[in-house]
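See structure below.
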Amino acid sequence: MPAGYTAEKTVSSETGKETLGTHQADFTGRAGGVELWSYMASVDVTKGTWRGRLLTEVHTPGNLLPTEPCALARAFWGMGGECQPMTVGDATVGVVVRPGSDNRFDQWAAYRHPDGVVVFVAQGAYDRQAPASPLPFTARQLAALAVDERLHLR
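For the sequence shown, the numbering used here gives the first residue as 1299, with consecutive numbering after it.
Dropping the structure here:
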């Protein structure tokens, strides 16, 4: 978490135990005889009275998602938005800096690794009416998280 932000613990509706966020794995189909999976993890975050969430979603190689960075970013949950390509090292990351009409998140980044693994990292406020607070990460920091090897499935 960036300085000043706190990850909020929640109580699981299934187990009744306290956790940091949610996670799930989904079988999304087959392509060329290969099983396709996506993995998602989400955590609620706060800073003062600001409340929002951070989410990562990773897709296994062979997925049928777009290859061009901004087309890939706009494909995240079909949300569209205004995208800017950003360079992180040798990688080009698509970063949606303003959502379109679907505002489930405020910003998100998308990167396709050379092996085909796709990583999305998203952030957003829950209360659109609350006074604006800075999001936990800048657009450039989101891009760097999308290429971070810790999110690269092997």
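C-beta atoms are modelled at their ideal positions from N, C-alpha and C, and glycine is treated no differently.
Exposure label - residue i; buried when at least 16 CB within 10 Å
i: Leu1352; result: buried
i: Gly1398; result: exposed
i: His1321; result: exposed
i: Gly1379; result: buried
i: Val1309; result: exposed
i: Val1355; result: Per the sequence presented here, residue 1355 reads as Glu, with Val not at that position. Glu1355 is buried by the Cβ-count criterion.
i: Arg1410; result: buried
i: Leu1440; result: buried
Reference residue i; option with closest CA among the options
i: Thr1304; options: Ala1323, Pro1434, Ala1389; result: Pro1434
i: Pro1367; options: Gly1346, Ala1389, Arg1396, Leu1440; result: Ala1389
i: Pro1300; options: Leu1362, Ser1340, Thr1436; result: Thr1436
i: Val1419; options: Arg1452, Glu1312, Leu1362, Tyr1337; result: Tyr1337
The beta strand (DSSP E) enclosing residue i, as first and last residue numbers
i: Arg1410; result: 1405–1410
i: Val1386; result: 1380–1386
i: Arg1372; result: Per DSSP, Arg1372 belongs to no beta strand (DSSP E); it is in the alpha helix (DSSP H), 1367–1373.
i: Gly1360; result: Element bounds for Gly1360: n/a, residue is neither H nor E.
i: Asp1342; result: 1332–1345
i: His1321; result: 1320–1329
i: Arg1396; result: 1389–1396
i: Val1416; result: 1416–1423
Same chain only: Cβ atoms within 6 Å of residue i, ignoring 5 sequence neighbours per side
i: Asp1342; result: Glu1306, Arg1351
i: Glu1316; result: Lys1307, Val1309
i: Gly1286; result: Because residue 1286 is not part of the residues shown, which for the chain are 1299 to 1452, the question remains open.
Beta-carbon contacts of residue i that lie in its chain and below 7 Å, excluding the five residues immediately before and after
i: Val1332; result: Gly1360
i: Pro1364; result: Leu1370, Ala1373
i: Cys1381; result: Cys1368, Ala1371, Arg1372, Gly1392, Val1393, Val1394
i: Arg1438; result: Met1384
i: Leu1318; result: Ala1305, Lys1307, Val1341
Residue interval of the alpha helix (DSSP H) (run including residue i)
i: Leu1443; result: 1437–1445
Close-in-space but distant-in-sequence residues of the same chain around residue i (CB under 8 Å, 5 per side omitted)
i: Gly1376; result: Asp1400
i: Leu1449; result: Thr1354, Val1356, Val1417, Val1419, Leu1443
Is the region 1380–1397 touching the region 1327–1338, taking contact as three or more C-beta pairs under 8 Å?
-> Between the region 1380–1397 and the region 1327–1338 there are fewer than three C-beta pairs closer than 8 Å, too few to call the two in contact.
Kindly confirm or deny that the region 1392–1411 and the region 1436–1448 touch, where touching means at least three C-beta pairs closer than 8 Å.
-> Output reads yes: the region 1436–1448 touches the region 1392–1411.
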